[in-house]
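What the sequence shown shows, in this note's numbering, is residues 131 to 904, in sequence order. In this text, a Cβ means the ideal position worked out from N, Cα and C, and glycines have one as well. Worksheet for the structure shown next.
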Amino acid sequence: MPHTVTADQVNQIVQNHHHDPFELLGPHLIEMDGQSQWVVRAYLPNTASAAVICPEQRKEYPMQPVHHPHFFECFIEGDQMPNYQLRLQSGNHEVVTYDPYAFKSPLITDYDRYLFAEGNHHRIYEKLGAHPTQMNGVKGTYFAVWAPNARNVSVLGDFNYWDGRQHQMRKGETGIWDLFIPGVRVGEPYKYEIKNYAGHIYEKSDPYGFQQEPRPKTASIVADLEAYNWSDAEWLERRRQRDPLTQPISVYEVHLGSWMHGSADQPPLQAQGGYGSGVTVSELKPEARFLTYRELADQLIPYVKQLGFTHIELLPVAEHPFDGSWGYQVTGYYASTSRYGSPEDLMYFIDQCHQHQIGVIVDWVPGHFPKDGHGLAFFDGSHLYEHQDPRQGEHKEWGTLVFNYGRHEVRNFLVANVLFWADKYHIDGIRVDAVASMLYLDYNRKEGEWVANEYGGNENIEAADFLRNMNNVLFSHFPGVLSIAEESTAWPMVSWPTYVGGLGFNLKWNMGWMHDMLDYFHTDPWFRQYHQNNVTFSIMYAFTENFMLALSHDEVVHGKSHMIGKMPGDDWQKFANLRCLYSYMFTHPGKKTLFMGMEFGQWNEWNVWGDLDWDLLQYDRHRQLKQLVGDLNQLYRQERALFAEDFSEAGFEWIDCSDNRHSVISFLRKVKDSEEFLLVVCNFTPQAHSHYRVGVPEAGFYTELLNSDAGKYGGSNMGNMGGKWSEEWSFHFRPSSIDLCLPPLATVVFKLDREKTQQVLQSQSQSPSEKALP
């Protein structure tokens, strides 16, 4: 029979120049001699001979080379094209496989493409990427990738010997390429081979890939994220019904790779899927390995629960190429890092957190991405995800690229990524890294190195619009989750709703409070009287945003010393200062975050290659500091006055903020429309005060709930014998006051015991000769 394709058409396939190989390959119904006839074509590199097997007809049709020794075709009898397979022969090696070009119907629809091009396909991760599925009863994997400026795209993998000629993809409208490959199962590594119009070839991991090979390998891995059986429905429903801003939020910030390591001699808990188990940390400890997510569930969760934190914040667990980067240079936004196990292992860790009533926050990095060749940079041979102009598209200081927030598909990639982590991994919130770098076009750029916006300003309008959109979409799909901005400037209304012009986050890190307090506590206590404003200024703006007080990883690296090392004085004073700081932090308005190691007073700066200095817990002072953090968390969670009105002036009231001569402050934490309140007094010097009078709003017995100088915390054990009765002595413009013993470098917290007060009043009413109160 005559050939049904021209040599030029065959060359387009052979040279990988055809934008839609389905037009030539696979089964086609053609007209020959006035009759309809089925023809099957296949391009089979490295195949000597081929045949079409039709099991239903019990026939085999030999295929003939056409214009090229590896381009085959044959004619099939019948009015309808039967199901078929290809028998491939090369030397003594024979393979029977399904033809990928027999599966013509794409799983991604025109509506999907439309929404994606518009930037509004919020679950595009269910369409793009690699998805194990069945088509026409045949198991395989459906691949789809956005590469609009590519001339050709192919799927590479062990299944085709990483030969880009074999599985050429089809380009549809909006620049999405797709192909279903029969027989490709979960666990198979793959990449995309992308060729631009200049003929340059790039091998890329999948931007929407759910898993990647352990570094230094860079291939994506076919993964099934639906296989894990969750057990946290009750937790998710309770989260959905609550307003998190009225709840206690105390966060333990963790870098999983350096919290604790396992021994290379000890096999890790079995990681599901076989990836990430036992990866060694050779840079510092060749005998060490990373703990798996499952081992971390067994060790980290009980530790955090013992300390009383409500949430764990994970430094980025999205895939990244370099251990020492802390995770902030992401190459796989949809892939959980394989360092610690498979996606199912991370799901198990989060599920176990929820079983133990601990929320999980993930650091998220939409501000920049690295230039690694297998990642997003110059993805399809063009500046696809980043700006072409380096004045807009590059952070030279970090050596990273900036997302083009004005491109609909890029914005869709990021917005959908936030939903992905909440949807597939059940996370309870995100902490958005480096928001200031997104909001300002001149961030860390000199004059002439940035481009002004359309109004001549330095605000990145597109980035701000993206953040508003992201937060709107996140909260509409997952009410009750957290979106926390690490934003260090005075950009207005960061944590205000978008409908009033805010960026839509529900929390913002209070970087001003952090800098003021660390500067203050670094100062010798005898000179703190000249810096009282450092302590009090935060209340001037405390209710302009929904603030989170954070002492984070950034404060214990790069020569800044760890927290205990920042404190002045001898060892006793250093620990006393730190206890006082933590106690003030937990009583100050705002949610809380502490980085790992701060809870027991680690001396050495955080080292990403090592463990925390766990051996310090053999010493009393470090154990006692850890106990204080646990007791602070317990007090914080049990007293509504410390969290219910964090973002309202109704929740805070100064008693005296002007006693700079003694470096003492006193204030109330209150609950709106309630009689509940706590009295907090802080003495920021080593000078104790045996009689320090403080005005109180009501007469009665004030129980001492917490004293950071207590002996059990390593303090001098000065205090108020469990509490003090007020006296009818007007002070601080209040009718009653209490005479307190203020320990050195300490914070004390009191609560009016109404029941005890009432009992005494009742007993005295029966004995008129007694005084009204002791």
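Host beta strand (DSSP E) of residue i (start-end)
i	result
TRP494	489-494
ASP869	866-872
ARG217	215-220
THR666	No beta strand (DSSP E) contains THR666, which is instead part of the alpha helix (DSSP H) from 662-666.
LEU835	831-837
GLN429	Unbroken run through GLN429 is the alpha helix (DSSP H), 423-437; no beta strand (DSSP E).
Proximal residues to residue i (C-beta, below 6 Å), its chain only, five neighbours per side dropped
i	result
ASP510	ALA277, ASN279, ALA280 and ILE324
TYR322	VAL275, VAL283 and LYS334
THR666	CYS787
VAL381	HIS441, GLU443 and THR723
ALA672	PRO719
CB of residue i within 8 Å of CB of residue j, strictly
i	j	result
ARG751	GLY631	no
ALA829	SER860	no
ARG171	GLU203	yes
LEU154	TRP168	no
ILE143	PHE233	no
ARG315	PRO262	yes
GLU449	GLN296	no
PHE499	THR467	no
ASP308	PHE273	yes
ILE694	GLY642	no
LEU421	GLY392	yes
ALA594	LEU633	yes
VAL565	GLU617	yes
PRO374	LEU612	yes
TRP580	ARG521	yes
MET848	ASP839	yes
TRP360	LEU742	no
Rounded C-alpha distance that separates residue i from residue j
i	j	result
HIS148	VAL384	49 Å
LEU755	TYR714	14 Å
PRO319	PHE773	48 Å
LEU544	ASP493	14 Å
ALA181	TYR423	48 Å
GLY406	PRO451	At GLY406 the pLDDT is 41, less than 50, meaning the model places this residue with poor confidence; the figure from the coordinates comes in the next sentence. Cα to Cα, GLY406 sits roughly 14 Å from PRO451.
GLN892	ASP883	14 Å
THR239	GLU539	16 Å
GLN518	GLY699	53 Å
GLN402	TYR244	Note that GLN402 has pLDDT 41, beneath the 50 cutoff, so the model's placement of it is unreliable and no number is given.
GLY249	ASP481	31 Å
LEU174	GLN187	24 Å
ASP915	TYR749	Since the first and last residues shown for the chain are 131 and 904, residue 915 lies out of range.
ASN813	GLU769	22 Å
LEU258	ASN542	12 Å
TRP784	GLY578	47 Å
ASP563	LYS638	11 Å
ARG561	GLY727	20 Å
ARG791	ASN663	12 Å
PHE635	VAL532	21 Å
LEU747	ALA876	22 Å
Close Cβ partners of residue i (< 7 Å) along its chain, the five nearest in sequence each way excluded
i	result
TRP365	HIS484
LYS696	LEU648, PHE651 and HIS652
LEU355	PHE340, PRO473 and LYS554
PHE310	PRO230, PHE233, MET265, GLY270 and TYR272
Residue i beta carbon near the ligand ZN (any heavy atom closer than 7 Å)
i	result
GLY267	You won't find the ligand ZN in this model; it holds no ligand whatsoever.
Residues near residue i by beta carbon distance below 8 Å, same chain, minus five either side
i	result
SER166	LEU159, ILE160 and ASP209
GLN194	PHE202, GLU203 and CYS204
HIS251	ASP242, LEU245, LYS257, ASN542 and ALA546
VAL603	HIS252, VAL545, VAL548 and LEU549
The alpha helix (DSSP H) enclosing residue i, as first and last residue numbers
i	result
ASP240	240-248
ASN146	Counting along the chain, ASN146 falls outside any alpha helix (DSSP H), and DSSP gives it neither H nor E.
VAL565	565-569
TYR766	750-768
SER893	884-895
ASN707	701-717
ASP743	From DSSP, ASP743 is part of no alpha helix (DSSP H); its letter is neither H nor E.
PHE479	473-485
ARG521	520-523
Contact with chain B by residue i, beta-carbon distance below 8 Å
i	result
THR461	Looking for chain B here will not work: only one protein chain is present.
- [ ] Jot down the residue ranges of each uninterrupted beta strand (DSSP E) in the region 305-388, minimum 3 residues, whole runs only, in chain order.
- [x] 306-312, 319-325, 331-334 and 380-384
Open item on the list: Please give the ranges of any beta strand (DSSP E) in the region 596-629, keeping only runs that are unbroken, at least 3 residues long and fully inside the region.
Closed with: 612-615
Task: Contiguous beta strand (DSSP E) assignments of at least 3 residues, all confined to the region 230-302 - done: 259-265, 268-276 and 282-287
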